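In the numbering used here, the protein residues as written are 126 to 442.
Just so it is clear, CB atoms sit at the ideal spot from N, CA and C, and this is done for glycine as well.
None of these values were measured; they are calculated from a predicted model.
Shown next, in the form of structure tokens:
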């Protein structure tokens, strides 16, 4: 087993150190051991590399969380006798993986999310195919905004078993949060293909379609999600989905009202007819006097544009 370097010891700080404390310690050590200040000291140069590596990890919240998980696992007192027969080892690992998983569930219920991730990670370290542990960890990572971590967990689950619907759902949530809207739709669609009654997948796919301006598809999915929420007795989610549909429909109604207003007031005729008449007049003058000057055509275009703007401001604004 490879011993993991303790970055906290390297930077001479506590595992509970704040970002400012990490930065201050690094700067202090960097000034002391920088190669430029110790040109004849190879040990100082090597130590400077170590503190730079430690700072690079601990100053990044995501890298630090993952490092802490690995560090806690490495420091765990949990061990299994390597002299035990293989079947017994497997049973013991599975039993203890379940133990850490149950601890993770308890931490999740207590909203101790970082500790929950640590427990799920311990369970996964003992059983690399523990699908439920991956799914639970992906949900917590989603809550904490670790979308790349969610994608990693979902990829692992899909690799183990491509029929786990939740993996595609959370994959879709993470992709959407990262801005990959079309890719999120593909994930939601796969979840729906495997489970036709997956209300949340319909709802979030509807939101994604809405972002892509595919209003018809968005409304269809949101209505389907709303109905499934109703059947589940989740009336809060039902009302939210219905309100999303109303918002999309109101946008369409506003556009229709604007067109109707134009037609009722004959504004289109009032706008286009004068411009059209002047355009024909300009064209006839150009033909009669054989005008081919670029300046003439440019000036004519500007005058027509100004006329249109004037009429627009008069009849519409």
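Label residue 317 either buried or exposed according to how many other C-beta atoms from any shown protein chain fall within 10 Å of its C-beta, with 16 as the threshold for buried. buried
Sequence ranges, alpha helix (DSSP H) only - wholly within the region 239–313, length at least 4: 256–268, 272–285, 290–302
Just the C-alpha distance for residue 290 and residue 340, rounded to the nearest angstrom, thanks. 26 Å
Taking the alpha-carbon of residue 326 as reference, which of 314, 162, 336 has the nearest alpha-carbon? 314
Assigned exposure category for residue 360 - 16 Cβ within 10 Å defines buried: exposed
Just to confirm, are residue 226 and residue 238 a CB contact at a threshold of 8 Å? Going by C-beta atoms, residue 226 is not nearer than 8 Å to residue 238.
Any idea what DSSP makes of residue 418, helix, strand or coil? coil
I need the DSSP call for residue 339, collapsed to helix, strand or coil. coil
Can you list, in chain order, the residues of its chain with a C-beta nearer than 7 Å to that of residue 240? Leave out the 5 residues immediately preceding and following it. Around residue 240: 232.
For residue 445, count the other beta carbons within 10 Å of its own beta carbon; 16 or more makes it buried, fewer makes it exposed. Which is it? Absent from the model: residue 445. The displayed extent of the chain is 126 to 442, so no value can be given.
Beta-carbon gap between residue 175 and residue 144 smaller than 8 Å: no
Ignore the nearest five residues each way along the sequence and tell me which others in residue 255's own chain have a CB closer than 6 Å to its CB. 222, 248, 249
Would you kindly check if the distance between the Cβ of residue 328 and the Cβ of residue 342 is under 8 Å? no
Do residue 228 and residue 259 have their C-beta atoms within less than 8 Å of each other? no
Under 8 Å between the Cβ atoms of residue 279 and residue 263? yes
For residue 130, three-class secondary structure by DSSP: coil
Nearest neighbour of residue 261, chosen from 270, 252, 275, 251 [CA to CA]: 275
If you run the structure through DSSP and keep just helix, strand and coil, what is residue 358? If DSSP states are grouped into helix, strand and coil, residue 358 belongs with coil.
Cβ-based neighbour list, residue 140, same chain, cut-off 7 Å, excluding 5 preceding and 5 following: 133
Once you ignore the five residues that flank residue 131 on each side, which residues in its own chain have a CB closer than 6 Å to its CB? none
Give the secondary structure of residue 157 by DSSP, where H, G and I count as helix, E and B as strand, and everything else as coil. helix
With H, G and I counted as helix, E and B as strand and the rest as coil, what does DSSP make of residue 163? coil
Which one of 298, 137, 424 has the shortest CA to CA distance from residue 273? 298
Taking all protein chains shown into account, decide if residue 151 is buried (16 or more other Cβ within 10 angstroms of its Cβ) or exposed. buried
Whole-angstrom C-beta distance between residue 191 and residue 183, which should lie under 8 Å: Not really, about 11 Å apart at Cβ, beyond 8 Å.
Report the rounded CA-to-CA distance for residue 331 versus residue 286, giving the unit in angstroms. Distance between the alpha carbons of residue 331 and residue 286: 26 Å.
CB residue 429 to CB residue 404, shorter than 8 Å? With contacts defined as CB atoms closer than 8 Å, residue 429 and residue 404 qualify as a contacting pair.
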